[in-house]
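K.L.:
One structure follows; several queries about it will come next.
Numbering (the working numbering), first residue to last: 1 to 208.
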């Protein structure tokens, strides 16, 4: 039995056993560099919603996972702010995070500032570590919280909804995650641009 299959069974058992609490804990752990892929947690949560024919659970799973992401991300933010870069350089390998991935996340933050938190939440290999440079560069905590929330929601909902639609075939997502991930990022970017366009247009109308 492959490691991935064994790991998937362990994660799905945990969620079956503890429900929403299991989703919260696994997603908080993922955002704090514990290697528990959301590509397993969230589609399986959608499958659980399918099993129970519950759209309510679909929404509850999205909200719970997003809160879990936030808690784990805040913990990693403070590690970056208080301890700094040497922590990841020294211990990152134990969390399957390479120094190269850290440098990439730091470069994203240097180039795009706070927006890197939003988009980083939907990028493989970056989404779990982007909170660290946010703390390292002392991004304002209220802004960090808001961007983490609005960046986590599209990712969590999309994966959960796919699991809900696929039902017993939810594991198909694991085979095609390399294609699904960019689609979610593009869709979220389009949504952000739309919201910004609407808000600026509304501001101009009120200012006229």
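Yeah, the Cβ is synthetic: ideal placement off N, Cα and C, and Gly gets one too.
Given the structure is predicted, the values throughout are model-derived calculations rather than measurements.
1. Determine the DSSP secondary structure at residue 10, reduced to helix, strand or coil.
2. Roughly how many whole angstroms lie between the Cα atoms of residue 1 and residue 66?
3. In its own chain, which residues sit with a C-beta less than 6 Å from the C-beta of residue 125, not counting the 5 before and 5 after it?
4. Along the chain, where does the alpha helix (DSSP H) containing residue 54 start, and where does it finish?
5. Suppose you measure from the CA of residue 61 to the CA of residue 108; what does that come to, to the nearest Å?
6. Hey, is the stretch 144 to 154 in contact with the stretch 117 to 132, meaning 3+ C-beta pairs nearer than 8 Å?
7. Is it true that the CB of residue 28 sits closer than 7 Å to the CB of residue 72?
8. Is the stretch 129 to 143 in contact with the stretch 165 to 176, if contact means three or more CB pairs nearer than 8 Å?
9. Quick check: the stretch 31 to 45 against the stretch 87 to 97, are there 3 or more CB pairs under 8 Å?
P.N.:
Per the coordinate set shown:
1. helix
2. Below a pLDDT of 50, predicted positions are generally treated as unreliable, and residue 1, at 46, falls in that range; no measurement from the model is reported.
3. 101
4. Careful: residue 54 lies outside any alpha helix (DSSP H) and carries neither H nor E.
5. 29 Å
6. yes
7. yes
8. no
9. yes
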